[in-house]
Structure formats: C-alpha cells, structure tokens
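See structure below.
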Amino acid sequence: MREGRVRLGGALDTAGILFAAIFFCLSLTPSLLPRSWPLQGIIAGVLTATGYLAGVTAGTLARRSAAPVVRRYAGARCAGWREGWRRTGRRRVRRLVATFGCGLGAASLVLGVRAQRAIYPLMGLRPPERLGYLGVPFVAAAVFLLLLAAARALRVAARALGGVLGRWIPATAARLAATLGVGVLAVLLTDGILTEALLRGADNSFAAINSETAPGTSRPRSAAVSGGPSSLVSFASLGLEGRAFVAGAPTVGELSGFTGRPALPPVRVYAGLDSAVTARERAALAVRELDRTGAFRRAVLCVITTTGTGWVDPQAAAALEFMYGGDTALVSMQYSYLPSWLSFLVDRERVTAAGRELFGQVYARWSRLPAGHRPRLLVFGESLGAFGAESAFRDDRDLRERTDGALFVGPPDSSPLWRRFVDGRDPGSREVLPVYRDGETVRFANGPEDLPAPASWDGSRVVYLQHPSDPIVWWTPRLILGRPDWLEERRGGDVLPWIRWYPFVTFWQVTADLVFSLDAPPGHGHDYDGEVAAAWARIAPPAGWDDARTTALTTLLSRSGAGSAGQ
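So the number in my numbering is just where the residue sits in the sequence shown, counting from 1, plus 18.
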C-alpha cells in the first residue's frame, strides 16, 4: 500500500514535463471554430496529458536503449556521476524544464488568445474579452491531474498484480501479463459496462423525449399529411420530430401569398419508430401514405433521410413547398431517437438501412408510373441524414440515372460517396471546394455564391453544401496521425490562414469544435440556415424562377425562425 501511495503522488517525469509543455502550447493554436475558455482548458488538459504520456514513453525507451551502451563503455567510471545525477542533477533539470515550460506556456497563451479573437470577425461575430482566458491554465491543470491520477492508479494496480503473478512465473512475464490484464480490464469496464450503462441511460432519456410533443404542435387538420384525417399513420406514433414535421407544413394561404397564385396543400408523409416495427415496414407504410395522399401526382417528390433524432430541416422542406406553391410531396421516416453524434456511434447501420430502404421502395413505386407522368424525384439529407441518404446510391452515375437531383448538406467525412468524390476530384481543385468530373453531375459549394446558374448542367444535379469551418465535415480519426489535404492547401474563406496540422493536437481540437458546431452563425460551422433555398433553386427550379425569387424566399424562411436545432 505504501508503494501505491508513493506512485500515485510521485514526482513527474522530466521528459514527460517537456512534452506536456509542448502539447499544452500547441493546444492553444487555433482550429476551425472559436473556443470558449472552459472548452479550451479541457482540450489543453487532455493534450497536456497526451504529451506527458508521449514524453514518458519516449524517455523510457531512450533510457533503456542507452543503458547497455553506457554500461559497456563507461562502466564503473560513471557510477559516481550517475549517483550525483540521481541526487541533484535530475532535480535541477526538472526545475529548468518546468521553468521553460511555464514561460513558453504563458507566451503561447497570449498568442492563443489573439488567434481565438481573430476567428470571430471571420464569422461576423464580436470577439469576447481577453480576461476569461486566464482561467485556461487552471482548467487544464485540473484535467491533467485527473487523467494523471487515473493513469497512475492503473499502473499501481498493474504492479500489484505483477507482484502476485511473480510468485509463479518469471518477473518479466508477470509484469507483461499484469499490464495487459489491467489494460484489458480497463477497456472492458469503459467500453463495456460503463459505456453500456451510459447508453442505456441515454436511450431511456431520449425515448422519453421522443414521446413528447413540442409546445404549439397539434394534430394537423390537412388530409395531405401523415397523422391527419384518414391517415394510415397515427399522430402519436410519429415521435417528437415527426409530429413537428407534419404539423409544420405551410398553409395554402401562406403559399399563395408568396407565389401570387392558387396553391395546393403540400404533402408531408412521415413514419415514426412506433409506426411500424422494422425499417422495411416503415418504408412500405410511407409508400402507402404517398399513394393515399396522391403524392405521385405532384410536381415534385422529395425523399428525405432524417438526422438521428428523426429531425427534418424545416427550411429545406419549406423551400421546395414555397417554390412550387405546394405542388410537392415530402417523405421521410425515423430510424432512431438518439442525437446524430450518438446515432453515428451506435446506430450507423440503421442510418444506412433507412436511407436505402426508403429510397428503394419509393423509387420502385415511382418507376412504375408512365415516364411522362412522374414527379421530379429529389433526394435530401443533412448531417447524418446525408450519410444515410447517399448510401442508397453506388456512384454519381447511379444518382444521375435514378434521381432528378439531390442536396446533401454538411456530410460527415465518413460518407462513402462524398469521400469518393472528394478523393477523385479534378487536379488543381481543393478538398475544401472540389470539382468532380468538371461538375457534370456533382458540384460542391461552400455557400450559394459557389453555385452560379450554369448554362450547361444537364440532367440530374447533385449538390454538396460544406462550410470550410464545419467540423462535422472534416472530423475523422485520420487526423490523429495524418495531415488532411484541406490543411495543406489554401484555407477556406472562414478559416484562419495560419492554422496548421499537428499530430494528436489537431484531432482533439476538431473534436472540441464538434461540440459547438451548431452554435456558429448561419453560413459557418454546421449552420446552413439561409442556404438550402438557394441550393434547391439551382438543383430543381420551377419554370420562370429567378434570383430575385430566391432572395425573397430566403428572406421569408429566415424570418420564420426555423433553424438547425434538433439534430
């Protein structure tokens, strides 16, 4: 027990201190989005602990590699020097390294504050006060000490277990077996019991939320939407986001007021998790609802893959309805009630299954119609919904042959088609704004200004909207050890030009950016409000549509207050 207490509160390793100081300084460099000082402190603490671990590992390997050489060529002549080093030299070097690290950290903190403040104007925001960042070192120190204590507790446990095993097997084998055993046990506890308990708690919590109804949402009176009169789907089975989706359809009066012509009640079809047991059954139910509402006689039919909670972007839905005066049909279904980030971790197969199943069944029914009597078939997905929606297609040719257009907004880096198009981009184009096959079918945009009305964009039009500052688009585990192209090329318009890639550091910084990606102002981060209408106007404009109508529609949707919350 004494050894355990000593180890838990022992002195810090010299190489570890040096690496920890370097990683702390690097943690203060800017990334995609501005970070509040508490978040910066947490990231700095995590990276300081990462640097300390790297330093301890590097120092241990260096000492063990040098020890045989020292014993062979120096022998007893260095014994006195080594003893003096143990007594005073190591302590002095540790103090020197700590002093150097503190000075370097203070200078980096000043530069880091300046860098953080420089990001705000790029996004049209006013920089915060500098004084708040004085709390960063304290938060970082608390996080570092917490992680250090946990690591040392595991080491003490491994050594204690090694001592027990050493009674029966050789000491080296005992230490190795004990280290592996404690490591595996820690992973099992974290990834198994603890994670399962947290997921079960989250599952119960979000299931309860899914059963609620948002304030101001009531059962629709229109027979053209699910949950309304004569619907095959009960309003109660649609879930929180499904009920908001069907109840949020614009009225005929609102549509006529915008178009200046008589309008139709828009069709909105939705199947919730409680509407049917499996994804296939929910998709089949949605198709029957489309038949019931006369959706296949409308001008436009759009298949939407939701985000994790079942949320559909209200602006993306309403944009098409206002453009076509309600002569539209939108169809979607729920596959989870967990937030997108959690669905991505535990429900990824459900996402892709939902995207494939819904589009596949809608397409099968649509393709049986006479060629001249089919509505325009569009596809939409945002965030995790983009990941699921594009899973229904093999490549750009498949998109071109089976759709009349598609809009994918803020797709995660792991989206297979997006990744293929980006990696296969034309020479000379950047990852942040690729050009794929000269824009024949697929085009990328950082904003509406990147989508000029093309004179030659025949056939199906597919658009990927992706902000340079959207961490959901650029986050990937490859950032740990690999420099991405978007940090080798000229940076995007709302990203600081001096951002650099550092091993481990950039990964944790972009991971932190994910937390507040939806808090960025429109046009930045993961907030695409005000841009989907312009994208639809390029993909599938009705006859006679022009830029003035796009501006008017964008203004109307912005005033409605529909945002990107609820993902």
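The C-beta atom is built at its ideal place from N, Cα and C for all residues, glycine as well.
Runs of alpha helix (DSSP H) wholly within the stretch 224-250 (minimum 4 residues, chain order)
As far as the stretch 224-250 is concerned, it has no whole alpha helix (DSSP H) run of at least 4 residues.
Distance, Cα to Cα, Arg366 vs Arg113?
Spanning the two alpha carbons is a distance of roughly 50 angstroms.
Cβ-based neighbour list, Leu282, same chain, cut-off 6 angstroms, excluding 5 preceding and 5 following
So the qualifying residues of the chain are Gly344, Asp345.
At the level of alpha carbons, what is the spacing between Arg508 and Cys43?
Their Cα atoms are separated by approximately 24 angstroms.
For Leu308, which residues from the same chain have a beta carbon less than 8 angstroms from its beta carbon, with the 5 sequence-adjacent residues on both sides left out?
The answer, listed in chain order, is Val285, Val287, Phe314, Leu319, Ala347, Val349, Val380, Arg383.
Enclosing alpha helix (DSSP H) for Ser576 [first to last residue]
For Ser576, the enclosing alpha helix (DSSP H) starts and ends at 565-578.
Assuming Gly69 and Ala33 make a contact with CB atoms under 8 angstroms, what is their CB distance in whole Å?
Actually they are not in contact, since the Cβ atoms of Gly69 and Ala33 sit about 10 angstroms apart, beyond 8 angstroms.
Roughly how far, in whole angstroms, is the beta-carbon of Leu46 from the beta-carbon of Leu129, given that I think they are within contact range, below 8 angstroms?
Going by Cβ atoms, the distance from Leu46 to Leu129 rounds to 7 angstroms, so yes, they are a contact pair.
Any contact of the stretch 468-488 with the stretch 425-439, i.e. 3+ C-beta pairs under 8 angstroms?
Below 8 angstroms, enough C-beta pairs join the stretch 468-488 and the stretch 425-439 to call them touching: three or more.
Taking CB distances under 8 angstroms as the criterion, tell me whether Ala294 reaches chain B.
Among the protein chains of the structure shown there is no chain B, as only one such chain exists.
Taking the alpha carbon of Ser244 as the reference point, which residue from Thr231, Ser293, Pro233 has its own alpha carbon closest?
If you compare the alpha carbons of Thr231, Ser293, Pro233 with that of Ser244, the shortest gap goes to Ser293.
Could you tell me which residues DSSP puts in a beta bridge with Cys9?
The structure shown does not extend to residue 9, since the chain spans only 19 to 585, so no value can be given for it.
Please check the pair Leu425 and Trp554, which I expect to be a contact at CB under 8 angstroms, by giving their CB distance rounded to whole angstroms.
Contact flag correct, Cβ pair sits at about 6 angstroms.
Using three-state DSSP, classify Phe426 as helix, strand or coil.
In the structure shown, Phe426 sits in a strand (DSSP, three-state: E or B).
What's the gap between the Cα of Ala473 and the Cα of Leu499?
Put simply, the backbone Cα of Ala473 is about 43 angstroms away from that of Leu499.
Nonlocal neighbours in the same chain, by C-beta distance under 6 angstroms from Pro540, ignoring five residues either side
So the list reads Asp547, Gly548, once near-sequence residues are dropped.
Taking the beta carbon of Thr324 as the centre, do at least 16 other beta carbons fall within 10 Å, making it buried, or is it exposed?
Residue environment for Thr324: buried (at least 16 other C-beta atoms within 10 angstroms of its C-beta).
Residue(s) in a DSSP beta bridge with Leu451
Per DSSP, the beta-bridge partners of Leu451 are Arg448.
Look at Asp531 and Ser49 and say whether their C-beta atoms are less than 8 angstroms apart.
Contact: yes.
If you reduce the DSSP assignment to three classes, tell me which class Tyr546 lands in.
Assigned with DSSP and collapsed to three states, Tyr546 falls in coil, not helix or strand.
Compute the Euclidean distance between the alpha carbons of Gly246 and Ser576, then round it to the nearest angstrom.
Roughly 27 angstroms between the two C-alpha positions.
As a quick exercise: from Leu387, Asn228, Val64, pick the residue whose alpha carbon is nearest that of Leu603.
Since the first residue of the chain shown is 19 and the last is 585, residue 603 is not available in this structure.
Can you list, in chain order, the stretches of the alpha helix (DSSP H) that have 4 or more residues and sit fully within the stretch 449-503?
Here the runs fully enclosed are 489-492.
Looking at the unbroken beta strand (DSSP E) that takes in Val7, where does it start and where does it end?
An answer regarding residue 7 cannot be provided, because it is not within the stretch 19 to 585 covered by the chain.
Is the separation between the beta-carbon of Thr421 and that of Leu396 shorter than 8 angstroms?
Result yes, Cβ atoms of Thr421 and Leu396 sit closer than 8 angstroms.
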